[in-house]
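Trainee:
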Amino acid sequence: MKKKSFDQLFMELAVNLASRSHCIKRHVGAVLTKDTRIISIGYNGPPAGTYNCDEKWPNIGCGRDSKGGCSLAIHAEQNALIYAVKNHTSVEGATLYVTLSPCLSCARIILTMGVKRVVYLKSYAAYKKLDKDEGIDFLLEFGMRVEAFEGHISTRADSLI
3 MKKKSFDQLF
13 MELAVNLASR
23 SHCIKRHVGA
33 VLTKDTRIIS
43 IGYNGPPAGT
53 YNCDEKWPNI
63 GCGRDSKGGC
73 SLAIHAEQNA
83 LIYAVKNHTS
93 VEGATLYVTL
103 SPCLSCARII
113 LTMGVKRVVY
123 LKSYAAYKKL
133 DKDEGIDFLL
143 EFGMRVEAFE
153 GHISTRADSL
163 I
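Per my numbering, the very first residue in the sequence shown carries number 3; after that it's consecutive.
#1: Could you name the residues of the same chain whose beta carbon sits closer than 6 Å to that of Ser19, not counting the 5 residues immediately before and after it, in chain order?
#2: Return the Cβ separation of Leu1 and Lys124 in integer angstroms, given the expectation that the two are a contact with Cβ distance under 8 Å.
#3: Spatial neighbours of His77 within its chain, please: CB distance less than 6 Å, with the 5 preceding and 5 following residues excluded, ordered by chain position.
#4: Under 8 Å, with one C-beta from each stretch per pair, do the segment 65-81 and the segment 130-148 reach the 3-pair mark?
#5: Determine the extent of the alpha helix (DSSP H) in which Ile138 is found, giving its start and end residues.
#6: Based on Cα-Cα distance, which residue from Pro60, Lys6 and Ser92 lies nearest to His24?
#7: Let me confirm a value: Val87 is counted as buried when at least 16 other C-beta atoms fall within 10 Å, else exposed. Which label applies?
#8: Runs of 4 residues minimum, wholly inside the segment 65-135: which ones carry the alpha helix (DSSP H) assignment?
#9: Report yes if the CB atom of Gly153 is closer than 9 Å to the CB atom of Asp9, and no otherwise.
#10: DSSP three-state label for Lys4, please.
#11: Do you know how far the Cα of Ala75 is from the Cα of Leu83?
#12: Can you tell me the Cβ-Cβ gap for Leu34 and Ile26, rounded? I've got them flagged as a contact below 8 Å.
#13: Whole angstroms is fine: what's the gap from Gly95's alpha carbon to Arg110's?
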């Protein structure tokens, strides 16, 4: 049996993590790795200790902020980075696998934290019907390695993202 590449393995894990999301709009998962080891994981949803949107507002989700985004949501990549730092784990030089390419806000955080590579499954711009992926463009402008995932996801959870 042929072994999966680490890119394949970690992206499949990100897809499965997305299924844990409490967001009713979009499920996103993230895996943060370093030297082929998982250092943190995350999925989009509300901060710990607040409401789970799918439970509190199962039909409409949480309220919207002034720009139309979820008022409670923390993005999957933010959750993965926050958890790592909260537990005193360095993310400098890490690789981030995420099921939806980073938005511009997340891209700024990813660059600032010293992540060296981002691998994404689907386009944020396509999801939001935008002309371009501002987050990807931002990361590329500052020399970050950013790659669209090239493999095939062999998990049933991929229908959720």
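Ideal Cβ positions, reconstructed from N, Cα and C, are used throughout, including at glycine.
Mentor: If we stick to the structure as given:
#1: Note that residue 19 is Leu in the sequence shown here, rather than Ser. For Leu19, same chain residues with a beta-carbon under 6 Å away, outside a window of 5 residues either side, are Gly31, Ile43 and Tyr45 in chain order.
#2: Outside the modelled stretch of the chain, which goes from 3 to 163, sits residue 1, for which no answer is possible.
#3: If the five residues before and after His77 are omitted, its C-beta is found closer than 6 Å to the C-beta atoms of Asn46 and Cys108, all from its own chain and listed in chain order.
#4: Under the Cβ criterion (8 Å, minimum of three pairs), the segment 65-81 does not count as touching the segment 130-148.
#5: Where Ile138 is concerned, the enclosing alpha helix (DSSP H) starts and stops at Glu136 to Glu143.
#6: Considering only alpha carbons, the answer is Pro60.
#7: With fewer than 16 other Cβ atoms inside 10 Å of its own Cβ, Val87 counts as exposed.
#8: DSSP runs (the alpha helix (DSSP H)) wholly in the segment 65-135: 78-88, 106-115 and 126-130.
#9: Contact: yes.
#10: Three-state DSSP puts Lys4 in coil, outside helix and strand.
#11: Approximately 15 Å between the Cα atoms of the pair.
#12: Not quite, the Cβ-Cβ distance comes to about 25 Å (not below 8 Å), so this is no contact.
#13: Going by the C-alpha atoms only, they are around 15 Å apart.
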